[in-house]
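When we follow our numbering, the leftmost residue of the sequence shown carries the number 4, and every step to the right adds one. See below for the structure under consideration.
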Amino acid sequence: MTSTQVVVERHDLVSSRDFATVRDAVHAGLGHPDFPVLAARLAGIADPAEFRAVVAGAAGPAGLMIFLELDLGAVVARDPDAVAFRAVRIIAGNPVTMESMVRTTPQAAAGAPVTILVFERDDGVHLRYDTCTSLAGAELTPDAAAHAAELDRAVLELLDSAA
């Protein structure tokens, strides 16, 4: 087994808006497909143009969709001795973008789909994102790097508008 240290570019925006408003603003930019149904449909599509069209129809205004959301704050809230801050981890992405990256750089799958973390602290509601370009870094081919940069741009614009 080899081990490599990776420098991660982390973006952390802090909003004075309440948690639900910020979370809902992130959700507004994302598609909300029934993911198992969508995945089954996509698995049956052989034509790349049809695949792209189905994905585009399932994506939200940011060009991304939710794959999974984990309510981490709900777990903490069960502990009577814990400060019950709310926190959600949103796994989001776009299958076409992921394919475009993984086609030439399989290890890019470690960073796509992406994780958007929304959590509250005393200083406000944080929107945190570690860029896909930094997670895969120098391993990305030029083509995959361009798609990763576009993915990062879409996520950061979404977070900026939600903050």
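Think of the CB as a built atom: it goes at the ideal place given N, C-alpha and C, for glycine as much as any other residue.
Give the range of the beta strand (DSSP E) segment to which Phe-70 is assigned. 67-74
Would you tell me roughly how many angstroms separate the C-alpha atoms of Asp-125 and Ala-59, rounded to the nearest one? 38 angstroms
Name the DSSP beta bridge partners of Val-158, please? DSSP lists no partner for Val-158.
Start and end of the alpha helix (DSSP H) containing Leu-143? No alpha helix (DSSP H) contains Leu-143, which DSSP labels as neither H nor E.
Would you kindly work out how many angstroms separate the C-alpha atoms of Gln-110 and Glu-142, rounded to a whole number? 8 angstroms
DSSP three-state call for Ala-56: helix, strand or coil? Here Ala-56 sits in helix by DSSP.
Just curious, the alpha helix (DSSP H) that His-14 is in, first and last residue? Premise fails: His-14 lies in the beta strand (DSSP E), 13-18, not in any alpha helix (DSSP H).
If you count every other CB in all the chains shown that lies within 10 Å of the CB of Pro-116, and 16 or more means buried, which is it? buried
For Arg-44, which of helix, strand or coil comes out of DSSP? helix
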